Amino acid sequence: MEKELPVAEPIRKAGKRSGRDRSAKTRVAGVLPLLKFRAALAEGRKLSYLTLDGIEVSTWRELVAHRAQQLGVSGRSLYRWLARLEKFGERGLENRLRRDKGFSRKFQDRALAVAFVFARHIEGLTARAIHRALAAEWSRIYSDGSVAPCYDTVLSLIRSHVKLQP
């Protein structure tokens, strides 16, 4: 016979995971007390919880802060989870992949930088030399106060181009 764990135990263990490893079920379990608390408030009932730590939680903000601490996430993450759960249901809490996976955000809307890198690559410069040249020219090309991409980002861009070559 399997021993059933109390609800607080899986939630506490889930808090030790990284954000990417969380499952939709863990997120639902994380926001379930918030949903119950909000429903009780909507009915006009006043609630007060005594946590396992002996802390009394009686307001919405206290509960959000407490749940965030238990789960090892920010309160903002809990609000995002709630919004996604309300809008899309439990499927909205599943891990999502980046739409731009495989392409650095640093080069997004930076056609001049991409052209700069590829022109130097065609000239035969090494990735290290291209990175140094790009870093030196970045503030002249983009006067928006942004920082040039790191060496690994430039190298990834070059490698993605080399894979495309026949």
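Okay, so the sequence shown: first residue is 1 according to this note's numbering, each after it adds one.
Even glycine gets a Cβ: it sits at the ideal position worked out from N, Cα and C.
Here the structure is a predicted model, which is why all the values come from computation and not from measurement.
- Own chain partners of Ala135 with C-beta closer than 6 Å, once the 5 adjacent residues on each side are dropped: Ala148
* Have a look at Arg91 and Phe37 and give me their C-alpha separation to the nearest angstrom. => 22 Å
Inset, instruction - Starting from the Cα of Asp128, find the closest Cα among Leu41, Leu32 and Thr153 and give me that residue. - result: Correcting the residue identity first, residue 128 is Arg in this sequence and not Asp. Out of Leu41, Leu32 and Thr153, Thr153 has the C-alpha closest to the C-alpha of Arg128.
I'd like the span of the alpha helix (DSSP H) that includes Val64, first residue to last.
Trp60 to Leu71
query = Quick one: what's got a C-beta closer than 8 Å to Leu47's C-beta in the same chain, skipping five residues either side?
reply = Phe37, Ala40, Leu41 and Ser58
**OP:** Can you give me the start and stop residues for the alpha helix (DSSP H) that Val147 sits inside?
**Re:** First-last for Val147: undefined, no H or E at that position.
Point to revise | Sequence-distant residues of the same chain with beta carbon closer than 7 Å to Glu62, five excluded per side | key: none
Using three-state DSSP, classify Leu35 as helix, strand or coil.
helix
Does the beta-carbon distance from Val28 to Leu93 come in below 8 Å? yes
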